[in-house]
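To start, the structure itself, in C-alpha cells.
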Amino acid sequence: MEPQLNQEVLNTAAAHDGLLETDAIIVGAGPVGLFQVFELGLLEIKAHVIDSLPYPGGQCIELYPDKPIYDIPAIPVCTGKELTDSLLRQIEPFGATFHFGQEVSVVQKQDDGRFLVETSKGLQFLTKTIFIAAGVGAFQPRTLKVEGLEQFEGSQIHYRVKSPADFAGKNLVIVGGGDSALDWALNFVAEGPNKAESVILVHRRDGFKAAPASVAKMKELCDAYEMQFIVGQVTGYEARDSKLSGVKVTGADGVTRVVPLDVLLVFFGLSPKLGPIANWGLEIERKQLKVDTEMFSTNVPGIFAVGDVNTYPGKKKLILSGFHECALAAFGAAPFIFPDKKIHLQYTTTSPKLHKVLGVESPVFD
Numbered sequence: 269m270e271p272q273l274n275q276e277v278l279n280t281a282a283a284h285d286g287l288l289e290t291d292a293i294i295v296g297a298g299p300v301g302l303f304q305v306f307e308l309g310l311l312e313i314k315a316h317v318i319d320s321l322p323y324p325g326g327q328c329i330e331l332y333p334d335k336p337i338y339d340i341p342a343i344p345v346c347t348g349k350e351l352t353d354s355l356l357r358q359i360e361p362f363g364a365t366f367h368f369g370q371e372v373s374v375v376q377k378q379d380d381g382r383f384l385v386e387t388s389k390g391l392q393f394l395t396k397t398i399f400i401a402a403g404v405g406a407f408q409p410r411t412l413k414v415e416g417l418e419q420f421e422g423s424q425i426h427y428r429v430k431s432p433a434d435f436a437g438k439n440l441v442i443v444g445g446g447d448s449a450l451d452w453a454l455n456f457v458a459e460g461p462n463k464a465e466s467v468i469l470v471h472r473r474d475g476f477k478a479a480p481a482s483v484a485k486m487k488e489l490c491d492a493y494e495m496q497f498i499v500g501q502v503t504g505y506e507a508r509d510s511k512l513s514g515v516k517v518t519g520a521d522g523v524t525r526v527v528p529l530d531v532l533l534v535f536f537g538l539s540p541k542l543g544p545i546a547n548w549g550l551e552i553e554r555k556q557l558k559v560d561t562e563m564f565s566t567n568v569p570g571i572f573a574v575g576d577v578n579t580y581p582g583k584k585k586l587i588l589s590g591f592h593e594c595a596l597a598a599f600g601a602a603p604f605i606f607p608d609k610k611i612h613l614q615y616t617t618t619s620p621k622l623h624k625v626l627g628v629e630s631p632v633f634d
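Going by the numbering used here, the final residue of the sequence shown carries number 634, and the count climbs one at a time with no gaps.
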C-alpha cells in the first residue's frame, strides 16, 4: 500500500561516492518529516531525507494506510496514504533528495561546526543541521509470544493491515486492547466491501486503552451478536493441513478454549527503539528527545527534533503538533545555515518571493 510515487518528485538518490555536502538532513520521512521539507523549502533550504523504510509515509503508511484521520486542519477526513501523497505533492517544488531503506548510524560534530553523518548503507554527508523526525524510532510491532506461531506470519498472522480488502469475508480473531485493535475490529464488522465473515476480539482484560466511544460501540455490537469479545490470552494454537485453524485462548477462569479462525490480527502496539539515535549525545527522557519550545532544538546546537520523537512540557503526540514544530524548527535552524542573513517571516498568500520559490504566479488583487 505504499504511495504511487513520482520519481521526479522524490529525486531519490542513487549511489554516491565521497561526501555529500548539504544544509539540512531530515531523519524520518513520515508526515512530520515531509512537512519539515516544506518549511525548510520556504526558507530556501534544501534537504536530504533518510528513512529506514523503503518508501515515505512512516507509520501512516506502514501501519494504517487506509485508516481515516480526522484532525488535519482544513481536511475533514483523509487516510494515511492520502495524507502522504498530498504532502509529497506539496513539497515537490523543493527538490528534496530521499535515501530510503537505511538508518543514520553515525553523527559526529566536526571542528567547523558541521556534522558528519553516515548511514547504514555507507552514505556520508557533511551537514550544517539535522532534523530528527523519526516518530517512535526504528519501530517494530510487538509480537505474540507463542512458540510455533511465527511460521504463519505473513500468511495468516498479521501485525498491521496494509490492504483491508485481503480480509473481507474471512473469520478474524483480533488480539489487543488499544485503538488499533478496536478500530480494525469495528472496521471489519461494518457493512461495506471489507466486511469480514466474523470478528472475535480477544483482550487479556475487560479494560481498554482505546477511545471510550470505540469501546462502547464494540460492546454494543457484541450485545447485537454482530461480533464477539473474549477476555483471555492466546496461549497456543491448532493447525490443520499446515494451516492455522484456531488459537487457544485461556481465560481468567483458567479454562482454555479453542477459537477457530482464518486470520489472526495482532495489535500489541509498537516497540519503540531509538536505535543509533541513542548514541548521538542527545538528552533523552523515556526514549524521547528533550527539546525546547522556542525552536525545538535538542541539547546539541544544530540538531532539532520534531514530532513524536521529542518531548517537552505539555507535549501532545499529534500530527498537527508536529507540523507546528517544523515551522519553528526551520526558523531556528536558519542562523546555522545563513549566519549573516536576517530571516523575515513572510506569508505564502502575499509574498512574491515565496511564490517564486513555490513556482506559482503571484495573484493580482483588485
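C-beta atoms are modelled at their ideal positions from N, C-alpha and C, and glycine is treated no differently.
Distance CB(residue i)-CB(residue j) smaller than 7 Å
i	j	result
Q424	L512	yes
I294	A401	yes
V577	A597	no
M486	V467	no
I442	A453	yes
L542	K555	yes
T290	T411	no
G403	Q304	no
G369	P409	no
V372	G590	no
G446	G537	yes
A449	F393	no
CA-to-CA distance, residue j to residue i, given in whole angstroms
i	j	result
V470	R508	22 Å
P528	G298	37 Å
K430	T347	12 Å
V457	Q501	22 Å
Q614	L622	8 Å
P461	E488	22 Å
K516	T503	6 Å
G422	E386	32 Å
K336	N455	The identity of residue 336 in the sequence shown is Pro, whereas the question assumes Lys. Roughly 11 Å separates the two Cα atoms.
Q378	L391	17 Å
G296	S320	8 Å
F306	F572	16 Å
E506	L440	15 Å
G522	D474	16 Å
D353	A602	27 Å
K463	F435	8 Å
N274	V625	With a pLDDT of 45 at N274, under the threshold of 50, the modelled position of that residue is not reliable, and the figure given next carries that caveat. Their Cα atoms are separated by approximately 20 Å.
K438	I398	46 Å
G309	F599	11 Å
L302	E593	13 Å
K413	V375	35 Å
P620	I359	18 Å
L550	P544	11 Å
E562	A595	11 Å
F604	L311	12 Å
P324	L351	11 Å
A520	F497	14 Å
Cβ-based burial, residue i [other Cβ within 10 Å; buried from 16]
i	result
E330	buried
Q419	exposed
Y427	buried
N547	exposed
L588	exposed
A282	Caution is warranted here: a pLDDT of 49 is assigned to A282, below 50, making its placement in the model unreliable, and no coordinate value can be reported.
R382	buried
T617	exposed
L586	exposed
I343	exposed
V526	exposed
V345	exposed
A292	buried
E276	Reliability of the predicted coordinates at E276 is poor, the pLDDT of 40 falling under 50, and the value obtained from them is presented with this limitation in mind. Exposed, since its Cβ has fewer than 16 Cβ neighbours within 10 Å.
P333	buried
S510	exposed
K610	exposed
Any non-hydrogen atom of the ligand MN closer than 6 Å to residue i Cβ
i	result
Y505	Absent from the structure shown: the ligand MN. Ligands present: none.
Beta carbon proximity, residue i to chain C, threshold 7 Å
i	result
A597	Among the chains in the structure shown there is no chain C, since it carries only a single protein chain.
Requested in this report: Evaluate contact between the segment 476 to 488 and the segment 563 to 572, counting only Cβ atoms and requiring at least three cross-stretch pairs below 8 Å.
Outcome: No, the segment 476 to 488 is not in contact with the segment 563 to 572.
Query raised in the report: Along the chain, which unbroken stretches of the alpha helix (DSSP H) at least 4 residues long are found entirely within the segment 286 to 368?
Result: Runs found: 299 to 310, 326 to 330, 348 to 358.
Requested in this report: Go through the segment 418 to 499 residue by residue and report every complete run of the beta strand (DSSP E) that reaches 3 residues or more, in order.
Outcome: 439 to 443, 466 to 471, 496 to 499
Query - Inter-stretch contact at 8 Å, needing at least 3 Cβ pairs: the segment 307 to 318 / the segment 356 to 372 - result: yes
Report task. Run through the segment 548 to 582 for me and flag every whole beta strand (DSSP E) of 3 or more residues, listed as ranges in chain order. Result -> Listed in chain order, the beta strand (DSSP E) elements of length 3 or more contained wholly in the segment 548 to 582 are 556 to 558, 571 to 573.
**Report entry** Secondary structure, alpha helix (DSSP H): runs of 4+ residues fully inside the segment 603 to 631
**Finding:** Taking 4 residues as the shortest admissible run, the segment 603 to 631 contains the following complete alpha helix (DSSP H) segments, listed from N- to C-terminal end: 620 to 626.
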